[in-house]
Ligand SMILES: NC(=O)c1ccc[n+]([C@@H]2O[C@H](COP(=O)([O-])OP(=O)(O)OC[C@H]3O[C@@H](n4cnc5c(N)ncnc54)[C@H](OP(=O)(O)O)[C@@H]3O)[C@@H](O)[C@H]2O)c1
């Protein structure tokens, strides 16, 4: 039995893609995993089966009321969380001169506001247990500017600062760190993504398993490691 077998972790946006692989890898390595989804119910149930029957919870994370309902249900039906992986996010590409207030809110309500209130609720669970770990999935776009994604870049840069500020605020009981993925491909590489892959020193896209490895690192690392941002980007942030 793994040393993590008693540790409960909620992964948000875990029905598909990176979140799905994080959930499966954490379950495989002995965590007790709960799956969050918003609209992808069938996919979430499939991930649940792949995680040995992990509980599944639905919530729209753009609503603080729904976030509070989610964490209440998780506590009642799964138990208070030792760990939280904030993976769910929205991503849109827009001409900055065309972005409306609704477009801005659509993205920030999930990526920044939603993630903050998930951290708040998760930290309340963890305080009850005497400690815990939060990992926020940010992005290379929060480190380097992308011209067609200023609102996304701002949300992820905000999430990086949120990670650092919460690491101070929640110490010493709770660590807060962030994994910043570069290009992670799912057979959906368009011309823009290909240009980024070509510019990546490692000359390939990342795999979701590599993001899961970094998440696992922060969930099991010494607690002296907090407020850190780990770019998993093949070196692209340094070009
Ligand atoms: N893919 C990449 O190359 C890349 C690069 C840099 C950073 N990232 C970051 O890595 C994370 C995962 O990326 P991804 O490409 O796997 O993400 P994704 O497929 O675009 O989104 C992940 C999940 O977020 C959930 N979500 C979106 N809006 C939501 C809402 N209002 N309430 C609750 N859940 C919501 C969706 O759940 P449902 O499907 O259930 O609605 C979706 O399945 C994100 O934080 C992303 O910003 C990804």
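Numbering (this note's numbering), first residue to last: 1094 to 1332. Even for Gly, the Cβ is constructed at its ideal location relative to N, Cα and C. Since the model is a prediction, treat every value here as computed from it, not as a measurement.
* So the alpha helix (DSSP H) residue 1268 belongs to, where does it begin and stop? -> As a working mapping, residue 1268 is identified with position 175 in the chain shown. Looking at the DSSP string, residue 1268 is not in any alpha helix (DSSP H); the run it does join, the beta strand (DSSP E), is 1267-1274.
* For the putative contact between residue 1120 and residue 1147, defined by C-beta atoms under 8 Å, what is the C-beta separation to the nearest angstrom? -> Within the chain shown, residue 1120 is the residue found at index 27, counting from 1. Within the chain shown, residue 1147 is the residue found at index 54, counting from 1. Rounded, the Cβ-Cβ distance is 6 Å, consistent with contact.
* Figure out for me which residue from 1258, 1298, 1284 and 1260 has the closest Cα to the Cα of residue 1274. => The residue you call residue 1274 lines up with position 181 of the chain shown. For the residues 1258, 1298, 1284 and 1260, the minimum Cα distance to residue 1274 belongs to 1298.
* To do: Report back the beta-carbon spacing between residue 1128 and residue 1304 to the nearest angstrom; my notes put them in contact at under 8 Å.
  => By 1-based counting over the chain shown, the position of residue 1128 is 35. By 1-based counting over the chain shown, the position of residue 1304 is 211. At roughly 17 Å, the Cβ-Cβ gap does not stay under 8 Å, so residue 1128 and residue 1304 are not in contact.
* Using the DSSP secondary-structure output, state which residues sit across from residue 1204 in a beta bridge. => What you label residue 1204 is simply residue 111 of the chain shown in a count that begins at 1. Note: residue 1204 sits in no beta bridge, so no partner.
* For residue 1280, count neighbouring Cβ atoms within 10 angstroms of its own Cβ and tell me buried if that reaches 16, exposed if not. => Counted from its first residue, the chain shown places residue 1280 at position 187. Burial call: exposed.
* Asked: So what's residue 1296 in DSSP terms, helix, strand or just coil?
  -> Reading the chain shown from its first residue, position 203 is the one you call residue 1296. Three-state result, residue 1296: coil.
* State the DSSP-derived secondary structure class of residue 1225, mapped to helix, strand or coil. => To locate residue 1225, count along the chain shown from 1; it is residue 132. DSSP places residue 1225 in strand when its eight states are reduced to three.
* Where residue 1323 sits in the DSSP three-state scheme -> For the purposes of this step, residue 1323 is identified with residue 230 of the chain shown, where counting begins at 1. In this structure, residue 1323 counts as strand in the three-state DSSP scheme.
* Asked: How many Å lie between residue 1188 and residue 1155 at the Cα?
  -> As a position in the chain shown, residue 1188 is number 95, starting the count at 1. As a position in the chain shown, residue 1155 is number 62, starting the count at 1. One C-alpha to the other measures close to 23 Å.
* Simplified DSSP assignment, three categories, for residue 1104 -> On the chain shown, residue 1104 is found 11 positions in, with the first residue counted as 1. Note: residue 1104 maps to strand in three-state DSSP.
* To do: May I ask you to list the residues that DSSP assigns as paired with residue 1151?
  => For the purposes of this step, residue 1151 is taken as the residue at position 58 of the chain shown. In DSSP, residue 1151 forms a bridge with 1130.
* Asked: Counting pairs of beta carbons, one from the segment 1175-1193 and one from the segment 1138-1147, are three or more of them closer than 8 Å?
  -> no
* Asked: Cβ atoms of residue 1261 and residue 1320: under 8 Å apart, would you say?
  -> Taking the first residue of the chain shown as 1, we reach residue 1320 at position 227. Taking the first residue of the chain shown as 1, we reach residue 1261 at position 168. Taking 8 Å as the Cβ cut-off, residue 1320 and residue 1261 qualify as a contacting pair.
* Check the DSSP bridge columns for residue 1230 and list the partner residues they point to. => If you number the chain shown from 1, residue 1230 lands on position 137. Bridge partners of residue 1230: 1272.
* Give a yes or no on whether the C-beta atoms belonging to residue 1253 and residue 1234 are separated by under 8 Å. => Counting from one through the chain shown, the residue named residue 1253 turns up at place 160. Counting from one through the chain shown, the residue named residue 1234 turns up at place 141. The answer is no: Cβ separation not under 8 Å.
* **residue 1132 Cβ short of 7 Å to ligand 1 heavy atom set** => Position 39 of the chain shown, counted from the start, is the residue given in the question as residue 1132. It does: the Cβ of residue 1132 is within 7 Å (strictly closer) of some heavy atom of ligand 1.
* Taking just the CA atoms, how far does residue 1230 sit from residue 1101? -> Locating residue 1101 in the chain shown gives position 8, where the first residue counts as 1. Locating residue 1230 in the chain shown gives position 137, where the first residue counts as 1. Each residue's alpha carbon lies about 18 Å from the other.
* Enumerate in chain order the residues of its own chain whose CB-to-CB distance from residue 1096 is below 6 Å, with the five nearest sequence positions on each side excluded. => Counting from one through the chain shown, the residue named residue 1096 turns up at place 3. Any answer about residue 1096 is weak, because its pLDDT of 46 lies below 50 and its placement is not dependable; what the coordinates show is given next. The answer is none, since no qualifying residue turns up.
* Answer yes or no: do residue 1108 and residue 1115 have a C-beta to C-beta separation smaller than 8 Å? => The residue given as residue 1108 occupies position 15 in the chain shown. The residue given as residue 1115 occupies position 22 in the chain shown. Not a contact, by the Cβ cut-off of 8 Å.
* To do: My understanding is that residue 1183 touches residue 1199, with C-beta atoms under 8 Å, so please give their C-beta distance in whole angstroms.
  => The residue labelled residue 1183 in the question sits at position 90 within the chain shown. The residue labelled residue 1199 in the question sits at position 106 within the chain shown. Correct: roughly 6 Å between the Cβ atoms.
* Through-space distance from residue 1215 to residue 1228, alpha-carbon basis -> For the purposes of this step, residue 1228 is identified with residue 135 of the chain shown, where counting begins at 1. For the purposes of this step, residue 1215 is identified with residue 122 of the chain shown, where counting begins at 1. Roughly 11 Å between the two C-alpha positions.
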